[in-house]
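J.: Would you mind keeping the following structure in view while I ask a few things?
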């Protein structure tokens, strides 16, 4: 064993006020959608008439930018959701809501998985897999918003005010409504498009084409749903600004050739094990 006598001092990295985390996530998602839309329209890969978000990021070169920004958003989403889980867990540690908080985190991670599928499988490469990822993301996204809205209501009046509870309830209601509208209109539009026998791709639709109004309604609803997701994350900014995030590490040995020993005081516990790594 290498003996080295010195006093370890904890000096964690501290971030005081982390509202920039949900803010950055919202900006990242919005940038992925808006830049890809402008890029795709200028490249004439889609028409300007409200394409679906996935259609704007389906063709190269903008598909690379779209996928990159979505993957960054996945990582950022995970950080935001874990922080939200930790904050709620601390505030509700003596009250109801612990199980719902954990379930919301699990649902959020599954939503991120769906978003990662969207990034990995563009619409033009694997339509079925892409649609599965998008459906998972939108469905579980609205469920996550619903769970967080319930948690916000449970935290009133001790930790939340009426305004934020009402705001999140309204955002969730709009997201649920537009997600359902997107699904109904998109299914109807694709059915009518196929029945019409038109040969051009449906992402090049124009006014007067079969099912154009259905496609327009579905695409607009999808954009509104994503906007509600971004707005929901923005609603975390004020709360996150009143949180301190600490990052620290705890070496278990003084020298990395030493064995790891875990011992408990005899008055409390008997030693459980001694491991050699």
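In the UniProt record's numbering, the protein residues as written are 1 to 277.
For glycine and all other residues, C-beta sits at the position ideal for the given N, C-alpha and C.
These numbers were taken from a predicted model, which means no experiment stands behind them.
1) Once the 5 residues before and after residue 58 are set aside, which same chain residues still bring their CB inside 6 Å of it?
2) Within the continuous beta strand (DSSP E) that includes residue 18, where are the two ends?
3) Report yes or no: do three or more beta-carbon pairs, one from the segment 18 to 31 and one from the segment 227 to 238, lie closer than 8 Å?
4) Which term fits residue 171, buried or exposed, when burial requires 16 or more other beta carbons within 10 angstroms of its beta carbon?
5) Please state the DSSP three-state secondary structure of residue 260.
6) Verify whether the separation of the beta carbon atoms of residue 104 and residue 144 is less than 8 Å.
7) Does the Cβ-Cβ distance between residue 19 and residue 241 come in under 8 Å?
8) Would you list the residues sitting across from residue 13 in a DSSP beta bridge?
9) Does the Cβ of residue 154 have 16 or more other Cβ atoms within 10 Å, making it buried, or fewer, making it exposed?
10) Could you tell me the distance, in whole angstroms, from the CA atom of residue 60 to the CA atom of residue 183?
11) Buried or exposed for residue 101, going by 16 or more other Cβ atoms inside 10 Å?
12) Give the straight-line distance between the Cα atoms of residue 77 and residue 129, rounded to the nearest whole angstrom.
13) Identify which residue in 97, 195, 178, 136 has its Cα closest to the Cα of residue 149.
14) Which runs of the alpha helix (DSSP H) at least 4 residues long sit entirely within the segment 176 to 241? Give them in chain order.
15) Evaluate residue 115 with the Cβ neighbour count: other Cβ atoms within 10 Å of its Cβ, from every protein chain shown; 16 or more gives buried, anything less gives exposed.
16) What are the start and end residues of the alpha helix (DSSP H) that includes residue 45?
17) Which parts of the segment 48 to 80 are runs of the alpha helix (DSSP H), unbroken and 4 residues or longer, counting only runs that do not cross its ends?
18) Under 8 Å Cβ to Cβ from residue 74, same chain only, skipping five residues before and after it: list those, please.
T.: In short:
1) 122, 123, 124
2) Unbroken run through residue 18: none, as it is neither H nor E.
3) yes
4) buried
5) strand
6) yes
7) yes
8) 247
9) buried
10) 26 Å
11) buried
12) 21 Å
13) 97
14) 212 to 234, 237 to 240
15) buried
16) Per DSSP, residue 45 belongs to no alpha helix (DSSP H) and is neither H nor E.
17) 53 to 56
18) 112, 115, 116, 119
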